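*Asks:*
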Amino acid sequence: MRAQHPSTLAYKQLGPLAIQADVYAPAGQPRPVILWLHGGALVVGTRRSLPADQLARYLRAGYAVVAVDYRLAPESKLDAILEDLSDACRWVRETLPRLAPVNPERLAVVGHSAGGYLALVSGCCVTPRPQAIVSFYGYGDIRGPWYSEPDPFYCQRPAVSREEALAAVGAEPLAESTEPARWDRYYLYLRQNGLWPREVTGHDPHTEPGAFDRYCPVRQVDASFPPTLLLHGTADTDVPCEQSVLMAEALARAGVHHELVLLPDAPHGFDQEHSAVSAPAARDAFARVLRFLDQHL
């Protein structure tokens, strides 16, 4: 199994839908594992978006990397997505060691944006819990006004009608998509109208606030939550950096080892290849990720 060319395996089969994992596990002694989760607001994205420079650094540091897909909303609701998260972790622990040189007892979950949210959820809903979590500009609260009210930043763009938005999505479950309209039409419509929590979960945050507690890691932290690294740019216009601050405060109250890295003036996706990857702040932040993983794995 060559590091540069992953083995693509289905970790889950739902009728005709195969949910895939790309496994990067160089030959040799079993390595600790990073389960990598893509962003895309849970409505778009693919495991293939793992930045090549970050993958290379993880592999050079001695880790195996498993980048996974999961079902997307609104065709599948959040309960199904969290089921996929749990099943992916279980597959890495129980099945993957028979297929690749990995040590599943040393597992970290790393995610970006919505993947960062899912990484934080793994600290609550996955059994056994991972040994470490890294959340790049993720969020711990999906009920708050930032998501359940019209967003001022996205409202600056031309309004998207509900008809336009729904034309960008379908009815059949899917587990990866790079279709631009899912972001430019559907997600934009959700943010302009504060509808993301309702469309993704099937619950209304205004009339059923209690239904969201189990979906919000910031409300589920206890002393057994895994060590967590939170990274966020202060100029993030998609996910407020306050989301990582609030998560750090919850971890502190529970006595959980954590680190909060706020990057001044950095945007959403500050570490991505299309952004300032080569900027010193982004490089330093990723170096902290590797140090954190080394410490806990």
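In terms of numbering that gives the first Met the number 0, the sequence shown has 269 at position 270, counting the first letter as 1, and numbering is strictly consecutive. Glycine residues also receive a C-beta, built at the ideal position from the N, C-alpha and C atoms. Note that this is a predicted model, so its numbers are computed, not measured.
Measure the alpha-carbon distance for Val238 versus Asp270 and round it to whole angstroms.
*Replies:* As a position in the sequence shown, residue 238 is number 239, starting the count at 1. As a position in the sequence shown, residue 270 is number 271, starting the count at 1. In a straight line, the C-alpha of Val238 is about 15 angstroms away from that of Asp270.
*Asks:* With respect to the beta strand (DSSP E) encompassing Ile132, which residues constitute its N-terminal and C-terminal limits?
*Replies:* By one-based count along the sequence shown, residue 132 stands at place 133. 131-135 is the span of the beta strand (DSSP E), which, as asked, contains Ile132.
*Asks:* Using the Cβ count rule (16 or more neighbours within 10 Å means buried), how would you classify Lys11?
*Replies:* Sequence index remark: in the sequence shown, residue 11 carries index 12 (1-based). With 16 or more other Cβ atoms within 10 Å, it is buried.
*Asks:* Just list the residues that DSSP pairs Gly232 with in beta bridges.
*Replies:* Taking the first residue of the sequence shown as position 1, residue 232 is located at position 233. DSSP, once it has assigned bridges, lists Leu262 as partnering Gly232.
*Asks:* Going by DSSP, what residue range makes up the alpha helix (DSSP H) through Ile80?
*Replies:* Sequence index remark: in the sequence shown, residue 80 carries index 81 (1-based). Looking at the DSSP string, the run of the alpha helix (DSSP H) that includes Ile80 is 77-93.
*Asks:* Would Ser223 be called buried (16 or more neighbouring beta carbons within 10 Å of its own) or exposed?
*Replies:* For this step, residue 223 is matched to residue 224 along the sequence shown. It counts as exposed.
*Asks:* Taking the continuous beta strand (DSSP E) assigned at Tyr10, which residues delimit it?
*Replies:* One-based indexing of the sequence shown puts residue 10 at position 11. Looking at the DSSP string, the run of the beta strand (DSSP E) that includes Tyr10 is 6-13.
*Asks:* Looking only at its own chain, which residues have a Cβ that is under 6 angstroms from the Cβ of Ala66, when we skip the five neighbours before and after it?
*Replies:* Here the question's residue 66 lines up with position 67 in the sequence shown. Excluding positions up to five away in sequence, the list reads Asp21, Trp35, Arg46, Leu49.
*Asks:* Pick helix, strand or coil for Asp21, following the three-state DSSP scheme.
*Replies:* To locate residue 21, count along the sequence shown from 1; it is residue 22. Correct three-state label for Asp21: strand.
*Asks:* Considering only the alpha carbon of each residue, which of Ser134, Pro208, Arg59 lies closest to Thr227?
*Replies:* Walking along the sequence shown from the start, residue 227 turns up at place 228. For the residues Ser134, Pro208, Arg59, the minimum Cα distance to Thr227 belongs to Ser134.
*Asks:* Please list, in chain order, all residues of the same chain as Gly232 whose beta carbon is under 6 angstroms from its beta carbon, the five residues on each side excluded.
*Replies:* The residue you call residue 232 lines up with position 233 of the sequence shown. Excluding positions up to five away in sequence, the list reads Leu262, Ala265, Pro266, Phe269.
*Asks:* Select from Asn192, Glu162, Pro225, Ala72 the residue whose C-alpha is nearest the C-alpha of Gly201.
*Replies:* Taking the sequence shown and counting its residues from 1, one reaches residue 201 at position 202. Residue Ala72 is the option with its Cα nearest to Gly201.
*Asks:* For His111, report the span of its beta strand (DSSP E) as first-last.
*Replies:* Numbered from 1 along the sequence shown, position 112 holds the residue referred to as residue 111. Note, His111: beta strand (DSSP E), 101-111.
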